[in-house]
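Everything below concerns the one structure shown next.
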Amino acid sequence: MNALTQVAGYWMDLTGIFAFAMSGAFVAVRKNFGVFGVLLLAEGAGLGGGLFRDLVIGVVPVAFTDCGYYLMPVAAALVVFFSSRVHRHSGVLAVIDVCDTAALALFGVTGAVKALGHDFSWPSAVALGVASAVGGGILSSVLAMEVPSSLRWEQDLYVLPAVTGAGSAILLDAFGVLNGVTAPCAAVPAFGLGLLATRHRWRTPRARIWRNPFSGMRHQPAQARTASTADSERTQLAGPYNERRQWVATTSSRVRPAKVREG
Amino acid sequence: MNALTQVAGYWMDLTGIFAFAMSGAFVAVRKNFGVFGVLLLAEGAGLGGGLFRDLVIGVVPVAFTDCGYYLMPVAAALVVFFSSRVHRHSGVLAVIDVCDTAALALFGVTGAVKALGHDFSWPSAVALGVASAVGGGILSSVLAMEVPSSLRWEQDLYVLPAVTGAGSAILLDAFGVLNGVTAPCAAVPAFGLGLLATRHRWRTPRARIWRNPFSGMRHQPAQARTASTADSERTQLAGPYNERRQWVATTSSRVRPAKVREG
Amino acid sequence: MNALTQVAGYWMDLTGIFAFAMSGAFVAVRKNFGVFGVLLLAEGAGLGGGLFRDLVIGVVPVAFTDCGYYLMPVAAALVVFFSSRVHRHSGVLAVIDVCDTAALALFGVTGAVKALGHDFSWPSAVALGVASAVGGGILSSVLAMEVPSSLRWEQDLYVLPAVTGAGSAILLDAFGVLNGVTAPCAAVPAFGLGLLATRHRWRTPRARIWRNPFSGMRHQPAQARTASTADSERTQLAGPYNERRQWVATTSSRVRPAKVREG
């Protein structure tokens, strides 16, 4: 049973890495990078978070020792690189979004479990879980010179599934019921919350100074322009990203009135 | 006595982390990031340098083991996130600037002392001291897609206090008088020098090719435009950053004639 | 004989670091950074890759223990900082380009050899060789807020010499003939290939969606504009970079018709 769970956990890890790597490869293709750029961004997005976690814990990074871990991003990069069909179907992007959410939840759990296994305290374990979940996306964004999605308020709640997953694992451990069977289950509420956040377009709260009309941030246009530049940058995406563009446009139009009310 | 010094050193560390984290959180709010962005940038700015130092030395990063270290940036992030008053008072920014300078000096000292304690040679110790002092600021700038202040010549002498602090610690060690009492004292001249640099607006020297009118960099406008774009980006900051904006404007007007003379 | 090889290997390492550091320092001067910025970028470009490799392997980074390693970038930074002659002679840039290619090949080999010596499998060794070769350039580009050359398709084949070098070292090891004499020889084909790529302006292949006219990326101008902005950014470089600018211009004009044919 335990061996079975381990195998299941291993394949869930690989799926998460594949999903992250697909996102990284999409960014690279969107930015018109070469084949090595697509490979590097896929590897960075898929393995960056776990690499950081392992370096902090002080073990040789699994990203460089387990052959499945570093071949998964190669596969994702090849799919994104050679298939033009994968860019055309908006369903693919939706599936990747869902897989990304699942991967965030899962990596939050596995990161926290690994940290607990190496005698870290529970807040450190939560921090490491979150870092291993969002680290890959941040690394690939930085390499592609984009502001990471996990920092931007107008993006989906990227960090929430990771925090929830890591927190659930900590709770299970506190009640002494953290084992190979319950650990994957800890990812389920985090995944559900992430899906809810995507579905209902929950946004990350911004600093109070941006929400309070009398707080002094009156000359918002300059900043708003920055935000809308980022949007229009995304909107410049042609053809295959049409669906997503429309989605962004819808979001913006939902968000903007609120912004005007604030200003 | 020694225990007292350790406690004092610990609290000085926390103060430095708090100051760095405030700077990081301010950047995040200025960039209109969400709450997770503010948290991540505060943690990155406060702990990034020490994390790098500990990874190089090969110990488990204190940023993930000591609860005070990772809670301090959370506190800084919450203050910057929820208080709009902290953005309105220019005095707050001035205090943070002074605390930043102190933190740079202090981190330079503690980084060098920790490296010496792990049998690094003195140039490596200086390098690690400087890296642990400026690392956090560089990390948060990279995450926010800004050119790090420590690299830009038109910023204050960011690196100088760190270098002086690390150098003083090395000198004390060379004379065999480095201990719990003298180590914090090594930060004092570095802090003083940093304050002097801020007060008199000392700038980092630029490469000779930028200063020599006959060296071939004649078509400076293109590059100067880049610099002024960075300025105007800062000037776009509304309301609460007014004072700082004015300060930047003053600086620019002092600097620009010299640039014209060069061209 | 073996001692002689080690000395030769050490000096080849230093030459490679010097070449990388020169590139980093050039970027810093072009971006109008201060003296600390030039130093930091030179150190980052020269040592970043090896630092990453050593952190992953789990040894104390040689970049912080061997005095020759961290003094070489300082020397490179001082040359670039103080000499305006080095910027004026296009021959210098050409020499640095050749040295860069040699360094990529060499670092690919040494990275793979070091990884093999620490019991990594051969794909991990290739990955670590490539990472230690391109890591420095990526770090300095990220610090300077530029998209790393190794990712961009319109740049030379940056990654190819590193991959070839690491692959040759792996092949030699597989045949059991990897030793102090053959290891440097493994860099020779990689170096030759790199020179060929530069000479004939080989470009990295892009994703299929960019090459297939019916794949949906029809509204290319938006993306093409991004590419040409990057070009014009480079073209804005004045005086000393004239030769290189012309070179870029030639390249662009060779590339553009192909792009039109694609669209």
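Chain order of the listed sequences is A, B and C. Just so we're aligned, residue 1 is where the first sequence starts under full-length UniProt numbering, counting upward by one. Just so we're aligned, residue 1 is where the second sequence starts under full-length UniProt numbering, counting upward by one. Just so we're aligned, residue 1 is where the third sequence starts under full-length UniProt numbering, counting upward by one. Every residue, glycine too, gets a C-beta built ideally from N, C-alpha and C.
Which chain A residues sit within Cβ distance under 8 angstroms of residue i?
i	result
Phe120(C)	Phe64, Thr65
Taking 7 angstroms as the threshold (beta carbon to beta carbon), is residue i in contact with chain B?
i	result
Gly9(A)	no
Ala77(A)	no
Per the DSSP calculation, residue i is bridged to which residue(s)?
i	result
Gly34(C)	Arg206(B)
Arg152(A)	Phe33(B)
For residue i, return the contacting residues in chain B, with the cut-off set at a CB-CB distance below 8 angstroms.
i	result
Leu55(A)	Leu55
Taking CB distances under 7 angstroms as the criterion, tell me whether residue i reaches chain C.
i	result
His89(A)	no
Ser84(A)	yes
Leu151(B)	yes
Val74(A)	no
Val188(B)	no
Gln6(B)	no
Val109(B)	no
Val159(B)	yes
Using a Cβ cut-off of 7 angstroms, pull out every chain B residue sitting near residue i, in sequence order please.
i	result
Val35(C)	Thr204, Pro205
Could you work out which residues of chain A lie near residue i, taking near to mean beta carbons separated by less than 7 angstroms?
i	result
Pro148(C)	Leu143
Give a yes or no on whether the minimum CB-CB distance between residue i and chain A is below 7 angstroms.
i	result
Leu51(C)	no
Gly239(C)	With a pLDDT of only 34 at Gly239(C), under the threshold of 50, the placement of this residue in the model should not be trusted; the figure read from the coordinates follows. So no, Gly239(C) is outside the interface.
Which residues of chain C have a Cβ atom closer than 7 angstroms to the Cβ of residue i, listed in chain order?
i	result
Val60(B)	Per Cβ cutoff of 7 angstroms: no residues; Val60(B) is ~13 angstroms from chain C at best.
For residue i, return the contacting residues in chain A, with the cut-off set at a CB-CB distance below 9 angstroms.
i	result
Val95(B)	Within 9 angstroms Cβ-Cβ: nothing; Val95(B) doesn't reach chain A, min ~18 angstroms.
Kindly say whether residue i, judged by its beta-carbon, lies nearer than 7 angstroms to any beta-carbon of chain E.
i	result
Ala186(C)	Among the protein chains in the structure shown, which are A, B and C, there is no chain E.
Is residue i near the ligand ADP - that is, is its Cβ less than 6 angstroms away from at least one heavy atom of it?
i	result
Ser141(C)	With respect to small molecules bound, the structure shown includes none, and the ligand ADP cannot be examined in it.
Checklist entry - Along the stretch 122-145 of chain B, what residues have a CB closer than 9 angstroms to any CB found in chain A? => result Val142, Leu143, Ala144, Met145
Item to check | Interface positions of the stretch 193-204 of chain B facing chain C (Cβ-Cβ less than 8 angstroms), listed along the chain | outcome: Arg203, Thr204
Checklist entry - Counting only runs that start and end within the stretch 86-145 of chain C, where is the alpha helix (DSSP H) found for 4 or more residues in a row? => result 90-117, 122-143
Next on the checklist: To be precise: take each residue of the stretch 13-43 of chain C, compare its Cβ to all Cβ atoms of chain B, and keep it if any distance is under 9 angstroms. Which residues remain?
Outcome noted: Ala25, Ala28, Val29, Arg30, Lys31, Asn32, Phe33, Gly34, Val35, Phe36, Gly37, Val38, Leu39, Leu40, Leu41, Glu43
Item to check | Inside the stretch 6-55 of chain C only - beta strand (DSSP E) runs reaching at least 3 residues | outcome: none
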